[in-house]
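Student: Residue numbers (the numbering used here), protein chains in the order written: chain A, 2 to 370; chain B, 2 to 370.
Number of protein chains: 2
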Amino acid sequence: MKNYSIARSRRLRSTPYTSRIENQGVTAYTVYNHMLLPAAFGSLEESCDHLKKDVQVWDVAAERQVEIFGKDAAKLIQLMTCRDLSKSKVGRCYYCPIIDENGNLVNDPVILKLAEDRWWVSIADSDVIFFAKGLASGNKFDVKIYEPNVDIFAVQGPKSFDLMEKIFGKKIKDLKFFGFDYFEFNETKHLIARSGWSKQGGFEVYVENTKSGLELYDRLFELGKEFNIKPGCPNLIERIESGLLSYGNDFDNNDNPFECGFEKYVNLDANVNFLGKDKLIKIEKEGIKRKLMGVFIETNKINLTKSVNIKDDNNNFIGELRSACYSPHFKKVIGIAMINQPYCKASESGIIEIDGNSLSVKVCDLPFI
Amino acid sequence: MKNYSIARSRRLRSTPYTSRIENQGVTAYTVYNHMLLPAAFGSLEESCDHLKKDVQVWDVAAERQVEIFGKDAAKLIQLMTCRDLSKSKVGRCYYCPIIDENGNLVNDPVILKLAEDRWWVSIADSDVIFFAKGLASGNKFDVKIYEPNVDIFAVQGPKSFDLMEKIFGKKIKDLKFFGFDYFEFNETKHLIARSGWSKQGGFEVYVENTKSGLELYDRLFELGKEFNIKPGCPNLIERIESGLLSYGNDFDNNDNPFECGFEKYVNLDANVNFLGKDKLIKIEKEGIKRKLMGVFIETNKINLTKSVNIKDDNNNFIGELRSACYSPHFKKVIGIAMINQPYCKASESGIIEIDGNSLSVKVCDLPFI
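Next up, the structure:
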């Protein structure tokens, strides 16, 4: 497939780390929340291998924060998500589908509870800030909503724990999955969460003090030499193998949380009040008509630039492939597809046309690994 | 400057025209409303020259529509914009700043009034759909809000009028600036507006019937040979020379409409009710602290990837350059900058550091041409 350049401008915002990653060999960008998100440092396969073995630092500043602060902050946060946050705790991250009045997805952020009246919505690629502003205004909520100056970098991979211990001491290893706390580096406190967009383990540093954050970034690369540290980015192969879903790729504002396998984050109890709840109750009662599933495709390369229809033997539409990559682990292409009933179960099969070739598709459960 | 590839995926949506423009030689993309927007077909300077003389067809499907339909549609539309739409007419386009409760800009769409209860908000690069959904929900408005299947292509340049006449007859030339109507092509009606993101004149075709739209696209290239038709895209040089502002580049959600020179679209009369009105009344009374201005920079090349500070002789910050390009017309770099008081008037000067060089900056009024 031909490569196209990305036309740079202020509208595709740089991050504090951009000049560093360009010196470190970034080769491709995507755009995420109107910001540059590195998408490759050379080969995706080599980078995936490395991520599974060693440690990488990722510029994921494009995971922007929407800060919601004030008396009605918790009320607004709960109105936006189908996940019950009534028992949520300060110092914890919560994966929360954001739902509109139609019961469809607006985003799937991680929400950080900083205080009872102060939350960060760490967003996937859609302008949740304007959804929150519209809701707050219409409901006359007493809140302030803005994008704080927070530029996340992630430290990911099995050796991230030993590396981070070298800087922050043993207590960073006590952080539980999806917990966060403040850790000091050169007299500056940084919010660090045990999280990240891979299944290889690691941390995300929510950098508010840019100068100190850049020093920490550089320090990680100095100390990381013994762990074979490399720059990296969310890796298409690793995230599909792990079944990490991506808003805009695997699902969007035309899909509901049940179709995406988010049922454990949907709470339809009487005491939880959120937008689109009546629609989700109806969907739960009637059952879903399609579901996100894994698929294996009998080929050894693919470059998906849009959805591709999956058909049955009689040329009837049975679903669409939304993300895909070649997996060195499975030695074939794997993907994530929205598959219609009754085909959305493991071992169903279909056919897909790619570059003029008919390829057989086998449906499976997510995650792959 | 090094070129970086754009990493393709479903999240950066293709358009119905993507395969065509890739055959026609697109070389760079930007991302706009989560969609691919072509940014170059080779040289920007040659393309700018051609646009000013002949005719181009642009894939601007990334100008997405937010349809607002229902009993309270007009009320919601007016709530979102500071422009008085009480006397608006069906069949007309209106350039409308969208404002939040802080009096800051959310977007600067063209709004099409299709019927009293049906509007299209033809958006710049931010998710107005979620702002509208939040407001509608909070205010309990009786409206439906969704993104219809509309993929605009533009026909721009001085010869666009004669070309379009060949297909649609003389009556297409009667369309007034920012008027729209339905015109038939091969038994399919297309909404066509006299509009477009250049000052060279032309039309935008709001394609709802994709098959017919693609036939029309191809027909334009067949009939356009005698007018030296070429594929093109919004041109950085032409748009800066013409003073066409770009949300995300020249202004964003941190700026208010007075700072951006939009005062003629702000109506603070008692009978117009919109969000952030009290803030705008206050700003009008107190006066603005900075303003978007043109600048000339004494150099012959620039590649802006983010804002660059402008300083005075004593190294004090006086503003920031947000967009810039080399203009063959002026034989120097021109740009758009947010300049503080009292420097935001023509003939003030400053200094900018680019690639280690100090360059002199001269402030001027917009537009350049």
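Don't be surprised by glycine CBs; every beta carbon is placed ideally from N, CA and C.
1) Output yes or no for whether 7 Å exceeds the beta carbon distance between B/Ala62 and A/Thr31.
2) Nearest-angstrom Cα distance between A/Asn272 and A/Thr82?
3) Short of 8 Å in beta carbon distance, which residues of its chain neighbour A/Asn268, apart from the five on each side in sequence? Order them along the chain.
4) Below 8 Å on the Cβ atoms is my guess for B/Phe184 versus B/Phe169; work out the distance and round it to an integer in Å.
5) Please list, in chain order, the chain B residues whose beta carbon lies closer than 8 Å to that of A/Glu64.
6) With DSSP as the reference, identify every bridge partner of B/Val32, one or two as the case may be.
7) Run the CB neighbour count on A/Gln66, radius 10 Å, all protein chains shown included, and call it buried at 16 or more, exposed below.
8) A/Asn317 to A/Ile353, Cα distance in whole Å?
9) Along the beta strand (DSSP E) that carries B/Phe132, what are the first and last residues, could you check?
10) Taking 6 Å as the line, does the beta carbon of B/Pro232 fall inside it for any heavy atom of the ligand PLP?
11) Mind checking if A/Phe70 is an interface residue toward chain B, Cβ cutoff 7 Å exclusive?
12) For B/Ile370, count neighbouring Cβ atoms within 10 angstroms of its own Cβ and tell me buried if that reaches 16, exposed if not.
13) Report the option in A/Ile22, A/Lys54, A/Val56 whose CA atom is closest to the CA atom of A/Ala41.
14) Taking A/Asp101 as the query, report the chain B residues whose CB atoms sit under 7 Å from its CB, ordered along the chain.
15) Could you work out which residues of chain D lie near B/Asn4, taking near to mean beta carbons separated by less than 7 Å?
16) On the DSSP letters alone, give me the boundaries of the alpha helix (DSSP H) that B/Tyr18 sits inside.
17) Report buried or exposed for A/Ile153, applying the criterion of at least 16 other Cβ atoms within 10 angstroms of its Cβ.
18) List the residues of chain B that A/Thr31 touches, going by C-beta distances under 9 Å, in chain order.
19) So, using beta-carbon positions, are B/Tyr160 and B/Ile146 closer together than 7 Å?
20) Locate the beta strand (DSSP E) running through B/Gln157, then write down its first and last residues.
21) Report yes if the C-beta distance between A/Asn341 and A/Cys49 is below 7 Å; otherwise report no.
22) Quick one: grab the DSSP three-state call for B/Leu192.
23) Would you mind telling me which residues of chain A sit closer than 7 Å to B/Gly139, beta carbon to beta carbon, in chain order?
24) Do A/Asn103 and A/Lys286 have their CB atoms nearer than 7 Å?
25) Exposed or buried, what is A/Pro343 when buried is set at 16 or more other beta-carbons lying within 10 Å of its beta-carbon?
26) Around the C-beta of B/Ala75, are 16 or more other C-beta atoms found within 10 angstroms, so that it is buried, or is it exposed?
27) Starting from the beta carbon of B/Leu276, find every residue of chain A whose beta carbon is closer than 8 Å, and list them in chain order.
28) Tell me the DSSP bridge mates of B/Asn1?
29) According to a CB-to-CB cut-off of less than 8 Å, which residues of the region 288–318 of chain B neighbour chain A?
30) Between B/Asn250 and B/Asn105, is the Cβ-Cβ spacing less than 7 Å?
31) So what's A/Thr211 in DSSP terms, helix, strand or just coil?
32) Anything in the region 41–52 of chain A with a Cβ closer than 9 Å to a Cβ of chain B? List those residues in chain order, please.
33) Is there a Cβ of chain B sitting closer than 7 Å to that of A/Asn250, yes or no?
34) Under DSSP, the alpha helix (DSSP H) around B/Val240 begins and ends at which residues?
35) When Cβ atoms are compared, which residues of the region 318–345 of chain B fall closer than 8 Å to chain A?
36) Should the region 362–369 of chain B be called in touch with the region 287–298 of chain B, which here means at least 3 C-beta pairs below 8 Å?
Tutor: Once the coordinates are examined:
1) Going by C-beta atoms, B/Ala62 is not nearer than 7 Å to A/Thr31.
2) Going by the C-alpha atoms only, they are around 13 Å apart.
3) Result list for A/Asn268: Cys83, Arg84, Asp85, in chain order.
4) The C-beta distance from B/Phe184 to B/Phe169 rounds to 5 Å, short enough to meet the 8 Å contact threshold.
5) Chain-order list of chain B residues neighbouring A/Glu64: empty, with the shortest C-beta distance near 14 Å, by a criterion of under 8 Å.
6) DSSP output for B/Val32 lists B/Leu37 as bridge partner(s).
7) Buried is the call here.
8) Cα-Cα distance, rounded: 11 Å.
9) For B/Phe132, no beta strand (DSSP E) run applies; the uninterrupted alpha helix (DSSP H) run containing it begins and ends at 129–139, by DSSP.
10) Looking at this structure, you won't find the ligand PLP or any other ligand, since it has none at all.
11) At a cut-off of 7 Å between beta carbons, A/Phe70 makes no contact with chain B.
12) Answer is exposed; the Cβ neighbour count stays below 16.
13) Looking at the Cα atoms, A/Ile22 is the closest of the given residues.
14) What A/Asp101 touches in chain B: Lys134.
15) In summary, chain D is missing from the structure at hand, where the protein chains are A and B.
16) That residue, B/Tyr18, is in no alpha helix (DSSP H); it is neither H nor E in DSSP.
17) Counting the other Cβ atoms within 10 Å of the Cβ of A/Ile153 gives 16 or more, which makes it buried.
18) Those are Ile7, Ala8, Arg9, Ser10, Arg12, Leu13, Val32, listed as they occur along chain B.
19) Here residue 160 of chain B is Lys; the residue named in the question, Tyr, does not match the sequence. No.
20) Per DSSP, B/Gln157 belongs to the beta strand (DSSP E) from 152–157.
21) If you check the CB distance, A/Asn341 and A/Cys49 do not come in under 7 Å.
22) Looking at B/Leu192 - three-state DSSP - the assignment turns out to be strand.
23) Around B/Gly139, the beta-carbon contacts reaching into chain A at under 7 Å are Gly135, Leu136, Ser138, Gly139, Asn140.
24) No.
25) Exposed, because fewer than 16 other Cβ atoms sit within 10 Å of the Cβ of A/Pro343.
26) Label assigned to B/Ala75: buried.
27) The contacting residues are Ser138.
28) Not covered by the structure: residue 1 of chain B. The range shown for chain B is 2 to 370.
29) Flagged, chain order: Asn304, Leu305, Thr306, Lys307, Ser308.
30) Cβ distance not < 7 Å, so B/Asn250 and B/Asn105 don't count as in contact.
31) In the structure shown, A/Thr211 sits in a helix (DSSP, three-state: H, G or I).
32) Contact residues of the region 41–52 of chain A toward chain B are Ala41 (C-beta to C-beta distance below 9 Å).
33) Residue contact check for A/Asn250 against chain B: a CB pair falls below 7 Å.
34) Reading the sequence as shown, one finds Arg at residue 240 of chain B and not Val. Under the DSSP assignment, B/Arg240 falls in the alpha helix (DSSP H) whose first and last residues are 237–242.
35) Against chain A - using a Cβ distance shorter than 8 Å - the residues of the region 318–345 of chain B are Arg323, Ser324.
36) Taking 8 Å as the limit for Cβ pairs, the verdict is that the region 287–298 of chain B does touch the region 362–369 of chain B.
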